[in-house]
Each structure stands twice: as C-alpha cells, then as structure tokens.
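Visitor: The sequence shown begins at 120 in my numbering and counts up by one. C-beta atoms are modelled at their ideal positions from N, C-alpha and C, and glycine is treated no differently. Input: one structure, supplied below.
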Amino acid sequence: MFNKLWKGHKPLSTEYTKEEVLRHPIPEHVAIIMDGNGRWAKKRSLPRVAGHYEGMQVVRKITRFANELGIKVLTLYAFSTENWKRPKQEVDYLMKLPEQFLTTFLPELIEENVNVRVIGNRDQLPEHTRRAVEKAMEETKHNTGLILNFALNYGSRRELTYAMQEIAKQVTKGQLTPEEITEDVIASYLMTKDLKDPDLLIRTSGEIRLSNFMLWQLAYTEFWFTDVLWPDFTEQHLLQAVAEFQQRGRRFGGV
Ligand SMILES: Cc1cc(N2CCCCCC2)n2ncc(-c3ccc(F)cc3)c2n1
C-alpha cells in the first residue's frame, strides 16, 4: 500500500492557549485515530508494545484535557476489526490494555463524571477484556460528563452490513417499507445511534486515510491530520486541532 504521508501539516507553528480556544464554540464530538504507536517504539529501538503502552498514557492525558475543554464526546479508535491480523503476541498485549487502563484510571474517570462507552463487536473479545469494559460501562452509565467512547474491535463496513441486514429483516417482516428507509432510520441501526456525528476527526502519524472508521458518521466531519505520532500527542496538539476547526467555516454541503 502506497503510504502517502501528510506533508501539509507544519510542526506546531502557532501556540494556542486554552483561554483563546474557550472563547469560541468547542466541537461537541471529537474522534481520534490514534496512529503511530509502533513507529514511535521503532524510532527508539523499543518493542512495538512499548508504543502501545505509551499511547495508553496519552489516552488518559487527552481524555482529561478534552473534559476540561468541554468536549462532550471523545471517540478513540483503539482496535479495528483488521487488527486481529497482527502477530498473536501483539494482539494478546493489546487485549490487556482496556483492563490495564480501567484498573488504573476508572476511579479517576468516575471522579470526573466520565461516561465510558464502547462501540464494536464485543463478542469476539477475550472474556477478561469484555468483562473489564462492561464493568466500566456499567459503573459509569449514569455519569453525565464527557462520553469516552472507545471503538474496540470496530469496523465501519461490518457496522453498515449489520445495519442493512437488520433493516432488511424489518422489511421482510413487513414492519418497514423501502420508502421508509431514510438516513435517520439507517443511523438508528448503527452502534453510534445515541451519539451525534463527529464534528472533528484527528488522525496522527501522517497517514491520510480513514481505515474503515465511522464511514457513515464522518460525512460532514472536519478532518485534521498531523505527522505527530500518537505517543507524542499533547494537549497543545489538541488545542491546535480545535483552534483550526474553529477557523474553518463548515457548510454541510451548502454554499
Ligand atoms: C485495544 C486497546 C489499545 C489501546 N492502545 C493505547 C492507545 C493507542 C492505540 C493502541 C493501543 N488502548 N488504550 C486504551 C484502551 C481502552 C479500550 C477500551 C476501554 F474500555 C478502555 C481503554 C485501549 N485498548
């Protein structure tokens, strides 16, 4: 696969302050493809899993800062349906991270009124992983602060395929006519049915593709790419992404 690197993004040229960013509307839903963890480790002659571990620390830091900024939903692409193809040792390590993250940070997340959610196919997760995420979802389901939404074993095409199958069943049963299949009906069959679409998508590490992530939901989302590797992503990078989002005039297809 020809990996076209995103050269359009200059290094952090303009420093933004939290106060400046808070003077303008904050994107309600920010989605992040947290890429570059393996490369971060390779640059330091470390094993790939060291990059994943470091990336997990950044998840905590950025979650806290997103909450401070008043972002309502933060969706993080933690594991795709394609990631099962990675070496078994790496997949086994990755499947331990949800548990490790929640064991360490769930008390703080509860303290900060964060509502943990997961989109993706949980049936295929190891029992210990599924148990950890379902416990966190249960223990935070009444929290009304930031929705921290992990995409875990998530694939957009699988999500769309399942939605179409369920809608077709409704039509077969005579409970839905083809004319009644509207965009809102389709959206109501997606895993993100309770969430508004992302306003801003961030992808790190210079890759410029969606990688089977929220293909329906990102129809009108602003994209912000950076060459920064996820383990090096800081609050200042999030401020820059939000500030640049605020400077763009979104038209939702209009003029
Ligand atoms: C598989 C995986 C990988 C993972 N990485 C760390 C971040 C960079 C991306 C790859 C590695 N992180 N980070 C946090 C979680 C997680 C998932 C669900 C949950 F409820 C709580 C935490 C996670 N899960």
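Per DSSP, what kind of secondary structure is Leu271 in: helix, strand or coil?
Guide: Correct three-state label for Leu271: strand.
Visitor: Hey, Asn186 and Trp349: beta-carbon distance below 8 angstroms or not?
Guide: Not a contact, by the Cβ cut-off of 8 angstroms.
Visitor: Verify the contact flag: Gly274, CB atom, against every heavy atom of ligand 1, threshold strictly below 7 angstroms.
Guide: No.
Visitor: Within this structure, are the beta carbons of Asp313 and His148 separated by less than 8 angstroms?
Guide: Against a cut-off of 8 angstroms, the Cβ pair of His148 and Asp313 comes out as no contact.
Visitor: Going by DSSP in three states, Leu193 sits in which element: helix, strand or coil?
Guide: Of the three classes helix, strand and coil, the one that applies to Leu193 here is strand, per DSSP.
Visitor: Compute the distance between the beta-carbons of His261 and Leu213, then report whether it is under 8 angstroms.
Guide: Against a cut-off of 8 angstroms, the Cβ pair of Leu213 and His261 comes out as no contact.
Visitor: Does DSSP put Arg322 in a helix, in a strand, or in coil?
Guide: If DSSP states are grouped into helix, strand and coil, Arg322 belongs with the strands.
Visitor: Per DSSP, Phe220 forms a beta bridge with which residues?
Guide: Phe220 is not bridged to any residue.
Visitor: For Ala251 versus Glu227, is the C-beta distance shorter than 8 angstroms?
Guide: Contact: no.
Visitor: Give me the Cα-Cα distance between Gly372 and Ala338, rounded to the nearest whole angstrom.
Guide: Each residue's Cα considered, the two are about 10 angstroms apart.
Visitor: For ligand 1, is there a heavy atom less than 7 angstroms away from the beta-carbon of Pro379?
Guide: Residue 379 lies beyond the range of the chain shown here (120 to 374); nothing can be said about it.
Visitor: Can you tell me the Cα-Cα spacing of Gly189 and Arg158, whole angstroms?
Guide: Going from the Cα of Gly189 to the Cα of Arg158 covers about 31 angstroms.
Visitor: Ligand 1 heavy atoms versus the CB of Ala185: any closer than 7 angstroms?
Guide: No, ligand 1 has no heavy atom inside 7 angstroms of this Cβ.
Visitor: State yes or no: is the C-beta of Phe332 nearer than 7 angstroms to some heavy atom of ligand 1?
Guide: Not under cutoff, so the answer is no.
Visitor: Just to confirm my understanding: we take Val237, look at its own chain, exclude 5 residues before and 5 after, and list those with CB closer than 6 angstroms. What are they?
Guide: Contacts found: Val252, Phe269 and Leu271.
Visitor: Decide yes or no for the touch test of the stretch 159-168 against the stretch 327-347: beta carbon pairs closer than 8 angstroms, at least 3 of them.
Guide: Contact between the stretch 159-168 and the stretch 327-347 is absent, because fewer than three Cβ pairs lie under 8 angstroms.
Visitor: Is Val168 near Glu201, with beta carbons less than 8 angstroms apart?
Guide: No, the Cβ-Cβ distance between Val168 and Glu201 is not below 8 angstroms.
Visitor: Specify the secondary structure class of Glu246 as computed by DSSP and reduced to three states.
Guide: Three-state DSSP puts Glu246 in a helix.
Visitor: Give every residue whose Cβ lies closer than 6 angstroms to any heavy atom of ligand 1, listed in chain order.
Guide: Cβ atoms closer than 6 angstroms to ligand 1 belong to Met153, Asn156, His171, Gly174, Met175, Val178, Ala197, Phe198, Leu213, Leu216, Pro217, Phe220, Leu221, Val235, Val237, Val252, Ala255, Phe269, Leu271 and Trp349.
Visitor: Quick check: the Cα distance between Pro297 and His356, rounded to an integer number of angstroms?
Guide: For Pro297 and His356, the distance between alpha carbons rounds to 45 angstroms.
Visitor: For Glu173 and Thr345, what's the separation of their Cα atoms in angstroms?
Guide: Using only the alpha carbons, I get a separation of about 18 angstroms.
Visitor: Of all the options Leu193, Arg205, Glu278 and Thr222, which has the alpha carbon lying nearest to the alpha carbon of Ile321?
Guide: Here the closest residue by C-alpha is Leu193.
Visitor: With distance defined between alpha-carbon atoms, name the residue in Ile145, Thr222 and Ser199 nearest to Phe184.
Guide: Considering only alpha carbons, the answer is Ile145.
Visitor: Can you check DSSP and say which residues form a bridge with Asn234?
Guide: BP columns for Asn234 point to Ile266.
Visitor: Consult DSSP for Glu187 and reduce its assignment to one of helix, strand or coil.
Guide: Of the three classes helix, strand and coil, the one that applies to Glu187 here is helix, per DSSP.
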